[in-house]
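S.K.: My questions will all concern the structure given below.
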């Protein structure tokens, strides 16, 4: 039994935590939240320099060759720091899509620039309120040109290209790469409930679209989401853990009725429940990481389990962090809001827990071997 | 990252499996018997003892005990591997748990060489079964509030008082007992720890009928029971420290609650019709199922994390403290939801009900899971204090002589 990250990655996690503690205190996401600056460009350059952005990219393509597990440990730390950078869009989604479905030529052309952080990619999927279903896309590609509208694309205003889920010639969903700075693309930054990460509405009107040769079919879109979801789960666990620690620290510091509020069972039990949610989420994220790193057939199940637990932990921890802080918790001045906004943002990106629960049961029914899996 | 055994672990697992194949029967697939307490079945105790004796000879009893206690001198990881394998077989090992996990390790750690010599072997071989005489009507979660008296009389101690919630007192030969030897000092300081021969004159055992109808626990009354001073474990007044040596074994164990779990609920949902078709097609049911699957897997992988620490020879991290808390509540909720699906027919118990009435039974015994071995509330306190570092509650009784501590509305 070795259900843990290898030593070199645990070391990377410690280094990342130390670096971000110094370089990305909460004043950094707060600055992005309060300004028109879409992301911290300098921080992005620094983490590129340390090889984080290309963690999963093989060394032959200019990456660090740490595989998906490397991304997972970094994701947790970036989540903990609420890092305002387009890491999830460019790494979990754009890079993963090209690694999984791109041609050799596309890999050679794109991966080194992605690894260096010189090119930012994102993923454009949602088209309307409600469940995002790859079988019900309006966006379509005809004669190499993309038409359609994508809502709330993360980093859509700053990314150089997007991997777009659109119907192809056969009407089946097909992942295409589209330059966002080129013709036929109109992008409009949109206000969101978490301005520390920027989003855009993108209208494609005949934009040149380059297919990812192996990215055809709803299954492929699902596979990309499964992989990204596991990495995102680590980021969510990082956010939740940081919110738990913030609540714990405040409970020790704040006195009421002559004692630290952390000595009241109402607060102690609340924080214990958050701890339980975070640990369950962490354990399930590890399961996802195992499935990612071994290309396990269980990946759709592991991704759903990781996702659902991470959404729960993120929500409970950041919501109850505000509650623990009382009135100060909902002031602009206190940082509770930063965690609360980010946790819910991450809980919607890639689909809400409700969608993943539906998907999980579908997968379990399809497999029909529940007794074995729940053993 | 991988779930596979190391070569050493795999070899040990093969050895354990070979022993079990030769000496026990595999559980039937789909059998729900494993969830039920089997010790009430006729002849169960004798079969359990005979199997325990074989385990001891083969070196699978006391796997992680040091060799000087008569154990194998193996690792915690080997202990878990053996338990995983044994769980697939129809054997009853739980009745030896208090002796092997709590009583004997305490006696061996804190007691005299003579006590170790006398008690470790017979417990290991299943010849002597142990019970734990800790909780009292006035001392449950607040164990140190116990009132059973131990008064010194020459080379003996005279015990008077009452214990409660004693599992297996009626078939145990010995018990570990904590009693108050000095009421004039604060409560934790006035306790002493003893080994009690359950056949001693003045010991009276009365079964407690639980709300499920079965009687797993007992009340034990002491009237001028005499214990030789040679059966004292640790110094006079050190009883609390001695009791705490192994008490956490009970709470931090890897064991989950017995009872219906996700797979049973999934099976039920697959076979039951609701107003709009099969339960498994109903979105509300799916959502509940998904939540319990996620919790079940979360516990499973939390255990894997703990096992990874053990496998490396490290002390498990604090994450293991959540297992019992999560598992117990989940069992009760799953039992109740299963009955909701069964609907109007739900109250009926017995063989014609889904899974032979497992959900109906669990409704009645699952409240105990959230209380025995540390209540939900005490477990949350432990997480808050020992994991998160929050302060202890204000304790008004802490520095007061025990005789002055209020014990009721008029006390």
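Protein chains in written order, with this note's numbering: chain A, 1 to 375; chain B, 1001 to 1411.
Glycine included, C-beta positions come from ideal geometry on N, C-alpha and C.
Quick caveat: nothing in here was measured; it's all calculated off a predicted structure.
(1) Name the two residues that bound the continuous beta strand (DSSP E) containing residue 1367 of chain B.
(2) Which same chain residues, not among the five before or five after residue 1227 of chain B, have their C-beta less than 7 Å away from its C-beta?
(3) Helix, strand or coil for residue 221 of chain A? Go by DSSP, reduced to three states.
(4) Residue 1271 of chain B: buried (16+ other C-beta within 10 angstroms of its C-beta) or exposed?
(5) What residues from the stretch 3–16 of chain A come within 8 Å of chain B, judged by C-beta to C-beta, listed N to C?
(6) Hey, could you find the ends of the beta strand (DSSP E) residue 147 of chain A is sitting in?
(7) In chain order, what residues of the stretch 1309–1325 of chain B put their CB closer than 7 Å to some CB of chain A?
(8) May I ask you to report which of helix, strand or coil DSSP gives residue 104 of chain A?
(9) Could you say if the stretch 75–86 of chain A and the stretch 232–241 of chain A meet the contact criterion of at least three C-beta pairs nearer than 8 Å?
(10) Taking the Cβ atom as the reference point for each residue, do residue 1307 of chain B and residue 1 of chain A lie within a distance shorter than 7 Å?
(11) If you measure from the beta carbon of residue 260 of chain A to each beta carbon in chain B, is any gap under 7 Å?
(12) For residue 1152 of chain B, which residues does DSSP report across the bridge?
(13) Does any C-beta atom of chain A lie closer than 7 Å to the C-beta of residue 1252 of chain B?
(14) Can you pull the chain B neighbours of residue 290 of chain A, defined as C-beta to C-beta under 7 Å?
(15) What residues of chain A sit near residue 1271 of chain B, judged by a beta carbon separation below 7 Å?
(16) Smallest Cα separation from residue 54 of chain A: which of A:36, A:119, A:83, A:7?
(17) Secondary structure at residue 1163 of chain B, three-state DSSP: helix, strand or coil?
(18) Quick one: what does DSSP say residue 1090 of chain B is sitting in, helix, strand or coil?
(19) What would DSSP say about residue 1060 of chain B, mapped onto helix, strand or coil?
(20) If you drop the 5 nearest sequence neighbours on each side, which residues of the same chain put their C-beta closer than 8 Å to that of residue 227 of chain A?
(21) Would you call the stretch 235–255 of chain A and the stretch 302–318 of chain A touching, i.e. three or more CB-CB distances under 8 Å?
(22) Which chain A residues sit within Cβ distance under 9 Å of residue 1307 of chain B?
(23) Starting from residue 1223 of chain B, trace the beta strand (DSSP E) both ways and give me its first and last residue.
(24) Could you give the distance in angstroms between the alpha-carbon of residue 279 of chain A and the alpha-carbon of residue 204 of chain A?
(25) Look up residue 1283 of chain B in the DSSP assignment and say whether it is helix, strand or coil.
(26) Can you name the start and end residues of the beta strand (DSSP E) that residue 290 of chain A belongs to?
(27) Which of the three DSSP states is assigned to residue 111 of chain A in this structure?
(28) Suppose you measure from the CA of residue 1035 of chain B to the CA of residue 1002 of chain B; what does that come to, to the nearest Å?
(29) To the nearest angstrom, how far is it from the Cα of residue 109 of chain A to the Cα of residue 360 of chain A?
(30) For a contact meaning CB atoms closer than 9 Å, what does residue 1287 of chain B contact in chain A?
(31) Can you tell me where the alpha helix (DSSP H) holding residue 1264 of chain B begins and where it ends?
(32) Is residue 73 of chain A close to chain B? Criterion is C-beta to C-beta, closer than 7 Å.
(33) Is the stretch 194–213 of chain A in contact with the stretch 247–259 of chain A, if contact means three or more CB pairs nearer than 8 Å?
(34) So what does DSSP say about residue 1147 of chain B, is it helix, strand or coil?
(35) Mark residue 1187 of chain B as exposed unless 16 or more other C-beta atoms lie within 10 angstroms of its C-beta, in which case mark it buried.
(36) Which chain A residues are close to residue 1301 of chain B, counting only those with a beta carbon under 8 Å from its beta carbon?
M.R.: Looking at the atomic coordinates:
(1) That residue, residue 1367 of chain B, is in no beta strand (DSSP E); its alpha helix (DSSP H) goes 1358–1369.
(2) 1156, 1157, 1159, 1194, 1196
(3) helix
(4) exposed
(5) 3, 4, 5, 6
(6) 145–154
(7) 1311, 1319, 1322, 1325
(8) helix
(9) yes
(10) yes
(11) yes
(12) B:1157
(13) With a pLDDT of 48 at residue 1252 of chain B, under the threshold of 50, the predicted position of this residue should be treated as unreliable, though the coordinate-derived value follows. It does not: the Cβ of residue 1252 of chain B has no partner Cβ on chain A nearer than 7 Å.
(14) 1001
(15) Per Cβ cutoff of 7 Å: no residues; residue 1271 of chain B is ~13 Å from chain A at best.
(16) A:119
(17) strand
(18) coil
(19) coil
(20) 68, 92, 96, 100, 292, 299, 303
(21) yes
(22) 1, 3
(23) 1217–1228
(24) 42 Å
(25) helix
(26) Run containing residue 290 of chain A: none in the beta strand (DSSP E); it sits in the alpha helix (DSSP H), 265–294.
(27) helix
(28) For residue 1035 of chain B, the predicted structure reports a pLDDT of 46, less than 50, and the residue's modelled location is therefore unreliable. A value from the coordinates is still provided. Roughly 30 Å separates the two Cα atoms.
(29) 36 Å
(30) 354, 357, 358, 361
(31) 1262–1271
(32) no
(33) no
(34) coil
(35) buried
(36) 3, 283, 284, 286, 287
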